[in-house]
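Counting from 1, position 17 in the sequence shown corresponds to residue 17 in UniProt numbering; the numbering is continuous, with no gaps. Ideal placement from N, C-alpha and C gives every residue a C-beta, glycine not left out.
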Amino acid sequence: METPASKTIASPPPQQEPDLKKPKMSTTTSDDEDAATMTPGGDTTTKKQRYKRRKIAIFFAYCGVGYQGMQKNPGAKTIEGDLEEALFHAGAVPEQDRGIPKRYDWARSARTDKGVSAVGQVVSGRFYIDPPGLVERLHSNLSPQFRIFGYKRVTGSFNAKKFCDRRRYVYLIPVFALDPCSHRDRESVLASLGSGSELIKCLECSERGRKVAGAVGKRSFELTDISSNDKDASVKSEIKEEVGVHLDNGLEDIRNSETVNETKIFQNDGCGSKSVMPEPVIPSNSEDANVNTENKDEIIVSVENGDDEKTKSKEEMVKRSRFCYGEKEKERFNRILGYYVGSHNFHNFTTRTKAEDPSARRYMVSFEAKTTVNVEGIEFVKCEVVGQSFMLHQIRKMIGVAVAIMRNCAPESLIQTALQKDVNINVPTAPEVGLYLDECLFTSYNKKWKDSHEEISMKDYEEEAEDFKMKHIYSHIATTEHKEGSVSLWLHSLNQRNYPDLRVSNTVDDNTSEDNNNGKESTKFENAAPCTSL
């Protein structure tokens, strides 16, 4: 018969029970975490460390090539989708919350379109940041296109979207895109025939895999001598085979061909073309050279007569043919971009948004293009725009109109007309490759919580962000232009045939003022002359 003493010895120690129930009182721990493991003898052998979720803001950058934008979209490869999976595999998100971002208060500070990159993107949420090494674990589950800079603790009510005051985007536009004589459209080359200031066809754009019928252009590039003079005969035969031009209903069609090894240099006189140095040359890899030729007869004559002018200075010729983003051009371009500053109705600069929709009204803080940057031999103008928020394709369309005006394909009054609520026009959209999100600003939040929380900004990550920007984003923009010529091909389509609304005449302002004097408003469009006399 068992004594009471033996029963007391066999019973488990009562002080173990509070330890088992205590974790359940925490609302920040995951329900699927294991409790302390007990041995048959009643001793505690292993106890898994329990962590709390913390509200944090994550700073990161990415190159948008190959992605369908930032926002998660079922069936599409997106930045958000890859980042959420990386957070799960890094242990920041529990199994039961996987794929359900609302459960951990997910918010993004800005959205980017397809192919658009970012340097200062910010997302927020409640994540498990312990054990230490969250950034390294994220990198191990992300592609090299991502760079996680770090994270900072924020208030429990912080929301990366709602607390973001302004966003700054940058668009890198090649300097040659602002040159009215570079990569002109076929209507312009046809109109210039016989005028004494004939434009030239752009063979390189045709060789990129797309036929640019009658496409024309004037590009500046550095020269590299072909050491062997016995290549002239082969070059001539190549040109004869490559430059097959015929007219069909008044339009020219240039056949795709192999690489052109010899071109002719033209002196920039307005938009005219004048032979100044017919010598066998090849474009240097250090700059995005576009091969300019006029026709096969002229090229062959240039090759045959090349010995007469070989003594001319190449540097002088290149200098005279190069379009420069000087003070005059800078002042004009910034004046054009200045029309966007302020509160306006941007319904013509986006898609699927009507003029009556309150969301069409946006506030632009600044829009400037005061600096240039040279990447892999291509000189780019750095266009920085700061605004409270942006709509789909808005920045690309604003750049598209500004470039059209710089190339004299549209009057400056077009921007003011397009910003009117009662006017519907179609405006060009610049390629997405040159656009990236530079930084998200949280001025109000930082001012309010400066005494208790860290500042939400990119100041602590400037060097790392600059390194990522130059190695991944800038190099991608320049390489894409070298290989695919995205901006060059887009310039060929920037004409009044594709965008009839670019024909808004300067007389619209006069008609509007006259009608306003009579108590009427006018949005009359008049067909202007084709943009050929530039």
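Under the DSSP definition of a beta bridge, which residues are partnered with residue 428? Beta-bridge pairing links residue 428 to no other residue.
Distance between residue 440 and residue 402 (C-alpha atoms, nearest Å): 24 Å
Just the C-alpha distance for residue 322 and residue 337, rounded to the nearest angstrom, thanks. 24 Å
Name, in chain order, the residues that DSSP records as bridge partners for residue 420. Answer by DSSP bridge pairing: none, since residue 420 is not bridged.
Can you grab the Cα-Cα spacing for the pair residue 156 / residue 55, in whole Å? 6 Å
Classification of residue 417 by the beta-carbon crowding that lies within 10 angstroms, buried from 16 upward: buried
Classify residue 290 as helix, strand or coil using the three-state DSSP reduction. Unreliable placement is indicated for residue 290, whose pLDDT of 41 sits below 50; no coordinate value is reported for it.
Determine the direct distance from the alpha carbon of residue 97 to that of residue 426, and round the result to whole angstroms. 44 Å
Report, in whole angstroms, the separation of the C-beta atoms of residue 456 and residue 170, which I expect to be a contact under 8 Å. The Cβ separation is near 20 Å, so there is no contact.
Hey, out of 125, 115, 95 and 99, whose CA is closest to residue 109's CA? 125
For chain B, find out if any of its Cβ atoms is closer than 8 Å to the Cβ of residue 150; answer yes or no. The chain inventory of the structure shown lacks chain B, comprising one protein chain alone.
Between the Cα of residue 375 and the Cα atoms of 360, 390, 193 and 479, which residue gives the shortest distance? 479
Go ahead and pull the three-state DSSP assignment for residue 491. helix
Just to confirm my understanding: we take residue 605, look at its own chain, exclude 5 residues before and 5 after, and list those with CB closer than 7 Å. What are they? The requested residue 605 is not part of the displayed model; the chain covers only 1 to 534.
Sort 386, 407 and 428 by Cα distance to residue 397 and report the nearest one. 428
Leaving out five residues before and five after residue 431 in sequence, what residues of the same chain have Cβ atoms less than 8 Å from its Cβ? 396, 486, 487 and 490
Got a sec? Which residues, its chain only, sit under 7 Å from residue 88 by beta carbon, not counting five neighbours each side? 98
Who pairs with residue 342 in a beta bridge, going by DSSP? 364
Start and end residues, alpha helix (DSSP H) containing residue 124: Per DSSP, residue 124 belongs to no alpha helix (DSSP H); it is in the beta strand (DSSP E), 117-128.
Quick check on DSSP: helix, strand or coil for residue 284? Because the pLDDT of residue 284 is 39, which lies under 50, any placement of that residue in the model is unreliable, and the number read from its coordinates should be weighed accordingly. Three-state result, residue 284: coil.
Taking DSSP as the reference, what is the three-state secondary structure of residue 371? strand
If we count the other Cβ atoms within 10 Å of its Cβ and call it buried at 16 or more, is residue 348 buried or exposed? buried
Where residue 450 and residue 122 are concerned, what is the direct C-alpha to C-alpha distance, given to the nearest angstrom? 18 Å
Could you tell me the distance, in whole angstroms, from the CA atom of residue 57 to the CA atom of residue 379? 35 Å
Would you call the CB atoms of residue 128 and residue 59 closer than 8 Å? no
Tell me which residue opens and which closes the beta strand (DSSP E) that residue 142 is part of. Run containing residue 142: none; DSSP gives neither H nor E here.
With a cut-off of 8 Å on the beta carbons, I'd call residue 365 and residue 387 a contact; round off their distance for me. 6 Å
Starting from residue 55, follow its DSSP beta bridges and name the residues at the other end. 126
Should the region 177-192 be regarded as contacting the region 460-479, the criterion being three or more beta carbon pairs within less than 8 Å? no
Exposed or buried, which one is residue 343 when buried takes at least 16 other CB atoms within 10 Å? exposed
Per DSSP, the bridge partner or partners of residue 107: 124
Under the three-state reduction of DSSP, which class applies to residue 553: helix, strand or coil? Nothing about residue 553 can be read from this structure; the chain reaches only from 1 to 534.
In this structure, how does DSSP classify residue 513 when only helix, strand and coil are distinguished? Model confidence at residue 513 stands at a pLDDT of 43, short of 50, so the residue's coordinates are unreliable; what they give is reported in the following sentence. Reduced to three states, the DSSP call for residue 513 is helix.
Check whether the Cβ atoms of residue 438 and residue 133 sit closer than 8 Å, and answer yes or no. no
Give the DSSP-derived three-state secondary structure of residue 102 in the structure shown. helix
Using the three-state DSSP reduction, which class does residue 435 fall into: helix, strand or coil? strand
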